[in-house]
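If you want our numbering, it's the 1-based position in the sequence shown plus 38.
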Amino acid sequence: MAKKKVVILDGNDTGCAAGSTVLSQVIQSASADVQYFRLRDHNLAHCTGCFKCWIETPGICAAHDDVCRDILHAMMQSDMTVLYTPITFGGCSSVLKVVIDRFLPLLMPYFMNKKGETRHVPRYTRFPKLVGIGVRQQGNPYEDSAFKALIGRIAENFHAPSFSVEVFDGNEERLTLIKKVYEVINRSDSVPDSDTLAGLFPGVDPDFSTTTLNIGNALLLVGSPKVQNNSNSALLGGYVLDTMRLAGWNTTMLKPDRSVLQEEGRAALCAAVDRADVVIVAFPLYIDTLPYLVVKAMEVIAEHKRKSSGKRPQRLFALANNGYPEFHHSIVALANCRCFADRCGMYWAGGLATGAGEMIGRKHKNGNGQHPEGPVRKVFEALEDAGETLARGNTVQYETQRRFTRTPIPFMPFVLWRRMFRTAGNKCWDTQAEQNGVTKEEMYAAPYGV
Ligand SMILES: Cc1cc2nc3c(=O)[nH]c(=O)nc-3n(C[C@H](O)[C@H](O)[C@H](O)COP(=O)(O)O)c2cc1C
């Protein structure tokens, strides 16, 4: 009988390799062919959200590095791919996330309906089982739940035939580890649906109010890695920031880039965060959670906060936008932001998420401080409301989320609007590919086999 093929993506960010060694030994002893990638050894390019892997060179990332190509090729040949990571704010480490973001070419741009949710059509006919193993840094049930939900959502996004996920303690006995690894690789868990995600939505303390501070410094961290400065995140976050500026706050915008990998860039980021009374993180959803550069920036900030003394009270507000029409895909990412706030000793000021981010970005035409006319007007009214609330020293309540995600076409039921969105979205991808001289047949290229 042919041996099972297993790929291990080791997202461990330190030299402590006990867990990953056990993992590969156990899997090898289960008579499998193991391909092991120690990701921290590679300086991988990150996804910049250019979508060229869909509309210019279908199936292949524009970054063209051999390591990532080897990883995707190995994954698509495998029966099981294992994501191994220290649990980082209830998600994956940046070391692993840089690779996960680059899974995007494994999907087609086209939208489809899967179990009542929007998903992308698979590019390949067969995907591996996905197994997530997270190593707990400090015991925290909310972080564990967010991590488990994240792995399930990634598995569903990538049409894995099954998935399983387990959380380990960093200091577990070798024998316990072996037993747990055996169990998890042989198990099949159920996929978290929108109801499970709703339970993870990070709520706020409704009575919170900073009466001592009505004017201060607000910092917007723009989490989109798009190279041109035209991201939906900058647009949406900019709205909240502008509202605070009009209320008298000093406002600054910063877009974390690869400079956070260097000492100088890290220092600048941490200094900007230290000056802020309110930090707003506005980001696009990348493979069910925060993009690589945001995770990296958060790791840097959390490490800085851990070492610093005499912390002043700060609030964190998160603003997510995702490509699918349903906003609930972003709930895990908001939970990740909440975990980050807790780690840094920042007060959680609430989070908002919207779907159809690209559509909202395109429909927005004004540059004159007025709300855009038409269906997306409500979105910008809700953002203004969030900005005013933060400027007053309060937290943003779930009621604002409800207004933020209303069906953009008045009185149209969500299911109908979603169908229209998918049809229009699919046409839009075709048009863009055509403009690049890519034929319909070429769109379906499957460079990694099967
Ligand atoms: C690598 C990558 C992964 C993405 N993953 C998701 C996803 O898991 N779910 C989703 O709804 N949208 C996903 N999107 C779509 C983006 O969230 C969407 O295009 C967003 O509006 C981009 O915002 P920005 O302009 O601020 O970068 C992904 C986009 C990219 C490039």
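We treat Cβ as the ideally placed atom computed from N, Cα and C, and that holds for glycine.
_the segment 180 to 189 / the segment 136 to 151 touching (three or more Cβ pairs under 8 angstroms)_ = no
_Please tell me whether, using a cut-off of 7 angstroms, the distance from the CB of residue 446 to the nearest non-hydrogen atom of ligand 1 is below it._
Reading the sequence shown from its first residue, position 408 is the one you call residue 446. Checking every heavy atom of ligand 1 against the Cβ of residue 446, none is found closer than 7 angstroms.
*Opposing strand residues paired with residue 73 [DSSP bridges]*: In the sequence shown, counting from the first residue as 1, residue 73 sits at position 35. According to DSSP, residue 73 bridges with 45.
*Work out the CA separation of residue 394 and residue 156 for me, nearest whole Å.*
Working through the sequence shown from its first residue, we reach residue 156 at position 118. Working through the sequence shown from its first residue, we reach residue 394 at position 356. Spanning the two alpha carbons is a distance of roughly 11 angstroms.
*So which of 426, 105 and 50 has the shortest CA-CA distance to residue 80?*
By one-based count along the sequence shown, residue 80 stands at place 42. Comparing Cα positions, the closest option is 105.
*Just reading off the alpha helix (DSSP H) that residue 303 is part of, what are its end residues?*
Residue 303 sits at position 265 when you count from the first residue of the sequence shown. Residue 303 -> alpha helix (DSSP H) spans 301 to 313.
_Terminal residues of the beta strand (DSSP E) in which residue 174 lies_ = On the sequence shown, position 136 is the one that residue 174 refers to. Per DSSP, the unbroken beta strand (DSSP E) holding residue 174 starts and ends at 167 to 174.
*If you draw a straight line from the alpha carbon of residue 70 to that of residue 44, how long is it in whole angstroms?*
Position 32 of the sequence shown, counting from 1, holds the residue named residue 70. Position 6 of the sequence shown, counting from 1, holds the residue named residue 44. C-alpha separation (whole angstroms): 7 angstroms.
*Backbone CA spacing between residue 239 and residue 129 [nearest angstrom]*: On the sequence shown, residue 239 is found 201 positions in, with the first residue counted as 1. On the sequence shown, residue 129 is found 91 positions in, with the first residue counted as 1. Spanning the two alpha carbons is a distance of roughly 15 angstroms.
*asked:* Could you tell me the alpha carbon to alpha carbon distance between residue 111 and residue 209, rounded to whole angstroms?
replied: For this step, residue 111 is matched to residue 73 along the sequence shown. For this step, residue 209 is matched to residue 171 along the sequence shown. Computed Cα separation, rounded: 33 angstroms.
_DSSP has residue 353 in a bridge; who is on the other side?_
Residue numbering aside, residue 353 sits at position 315 when the sequence shown is read from its first letter. Paired residue(s): 316 and 385.
*asked:* In the DSSP assignment, the beta strand (DSSP E) including residue 148 goes from what residue to what residue?
replied: Within the sequence shown, numbered from 1, the residue matching residue 148 stands at position 110. First-last of the beta strand (DSSP E) with residue 148: 145 to 152.
_Reduced DSSP category for residue 326 - H, G, I as helix; E, B as strand; rest coil_ = Translated into positions along the sequence shown, residue 326 becomes position 288. Residue 326 falls in the coil class under three-state DSSP.
*Sort out for me which residues DSSP pairs residue 486 with in a bridge.*
Stepping through the sequence shown from its first residue, residue 486 is reached at position 448. As far as DSSP is concerned, residue 486 takes part in no beta bridge.
*Bridge partners of residue 256, per DSSP?*
Walking along the sequence shown from the start, residue 256 turns up at place 218. Answer by DSSP bridge pairing, in chain order: 289 and 316.
_Inter-stretch contact (C-beta, 8 angstroms, three-pair minimum) for the segment 212 to 226 and the segment 249 to 268_ = no
*What's the C-alpha gap between residue 126 and residue 175?*
Here residue 126 refers to the residue found at position 88 when the sequence shown is read from its first residue. Here residue 175 refers to the residue found at position 137 when the sequence shown is read from its first residue. Rounded to whole angstroms, residue 126 to residue 175 spans 8 angstroms at the Cα level.
*Taking all protein chains shown into account, decide if residue 404 is buried (16 or more other Cβ within 10 angstroms of its Cβ) or exposed.*
Position 366 of the sequence shown holds residue 404. With a pLDDT of only 49 at residue 404, under 50, the local geometry of the prediction cannot be trusted, and the value read off the model is given with reservation. Answer is exposed; the Cβ neighbour count stays below 16.
*Boundaries (first-last residue) of the alpha helix (DSSP H) holding residue 296*: As a working note, residue 296 is residue 258 in the sequence shown. Where residue 296 is concerned, there is no enclosing alpha helix (DSSP H), given that its DSSP letter is neither H nor E.
_Where residue 403 sits in the DSSP three-state scheme_ = By 1-based counting over the sequence shown, the position of residue 403 is 365. Low local confidence applies: a pLDDT of 47 at residue 403 is under 50, so the model's placement there is unreliable, with the coordinate-based value given in what follows. Reduced to three states, the DSSP call for residue 403 is coil.
*Integer-rounded CB distance, given that residue 311 should sit under 8 angstroms from residue 319*: As a position in the sequence shown, residue 319 is number 281, starting the count at 1. As a position in the sequence shown, residue 311 is number 273, starting the count at 1. Their Cβ separation, rounded to whole angstroms, is 10 angstroms, which puts residue 319 and residue 311 out of contact at 8 angstroms.
*Can you tell which of 378, 422 and 463 has the C-alpha that lies nearest to the C-alpha of residue 344?*
One-based indexing of the sequence shown puts residue 344 at position 306. It is 378.
*asked:* Give the list of continuous alpha helix (DSSP H) stretches no shorter than 4 residues that lie fully inside the segment 206 to 250.
replied: The qualifying runs are 212 to 223 and 232 to 236.
*Pick out the complete alpha helix (DSSP H) segments inside the segment 53 to 123, 4 residues or longer, and give them in chain order.*
Counting whole runs of 4 or more residues, the segment 53 to 123 contains the alpha helix (DSSP H) stretches 56 to 67, 90 to 93 and 104 to 115.
*Tell me whether residue 116 is buried or exposed, calling it buried when 16 or more other Cβ atoms sit within 10 Å of its Cβ.*
Residue mapping note: residue 116 aligns to position 78 of the sequence shown, counting from 1. It is buried - the Cβ of residue 116 has at least 16 other Cβ atoms within 10 Å.
*Counting only the same chain and skipping the five closest in sequence on each side, list residues whose C-beta sits under 7 angstroms from that of residue 326.*
For the purposes of this step, residue 326 is taken as the residue at position 288 of the sequence shown. Excluding sequence neighbours, residue 326 sits near 188, 191, 192, 195, 367 and 370.
*Going by other Cβ atoms of all chains shown within 10 Å of its Cβ, with 16 needed for buried, is residue 482 buried or exposed?*
Within the sequence shown, residue 482 is the residue found at index 444, counting from 1. It counts as exposed.
*Determine, using beta-carbon pairs with one atom in the segment 283 to 290 and one in the segment 423 to 442, whether at least three such pairs fall under 8 angstroms.*
yes
*Taking 7 angstroms as the cut-off, is the CB of residue 451 close to at least one heavy atom of ligand 1?*
Taking the sequence shown and counting its residues from 1, one reaches residue 451 at position 413. No; taking the cut-off as 7 angstroms, the Cβ of residue 451 has no heavy atom of ligand 1 nearer than that.
_Reference residue 233; option with closest CA among 365, 437, 162 and 215_ = Within the sequence shown, residue 233 is the residue found at index 195, counting from 1. It is 365 whose Cα lies nearest to the Cα of residue 233.
*For residue 364, three-class secondary structure by DSSP*: As a working note, residue 364 is residue 326 in the sequence shown. Residue 364 falls in the coil class under three-state DSSP.
_If I measure Cβ to Cβ from residue 290 and keep anything under 6 angstroms in the same chain, skipping five residues before and after, which residues do I get?_
Within the sequence shown, residue 290 is the residue found at index 252, counting from 1. If we look at residue 290 and ignore the five residues flanking it on each side, its Cβ neighbours are 257.
_Integer Cβ distance of residue 93 from residue 476, believed to fall under 8 angstroms_ = Mapped onto the sequence shown, residue 93 falls at position 55. Mapped onto the sequence shown, residue 476 falls at position 438. About 6 angstroms; that satisfies the 8 angstroms criterion.
*What does a CB cutoff of less than 6 angstroms around residue 297 pick up in its chain, not counting 5 residues either side in sequence?*
Residue 297 sits at position 259 when you count from the first residue of the sequence shown. Here the set comprises 303.
*Should residue 148 be counted as a contact of ligand 1 given a C-beta to heavy atom distance under 7 angstroms?*
As a first step, residue 148 is located in the sequence shown; it is residue number 110 there, counting from the start. For ligand 1, not one heavy atom lies less than 7 angstroms from the Cβ of residue 148.
*Return the CA-CA distance between residue 342 and residue 77, expressed in angstroms with no decimal places.*
On the sequence shown, residue 342 is found 304 positions in, with the first residue counted as 1. On the sequence shown, residue 77 is found 39 positions in, with the first residue counted as 1. Straight-line Cα distance between these residues: approximately 24 angstroms.
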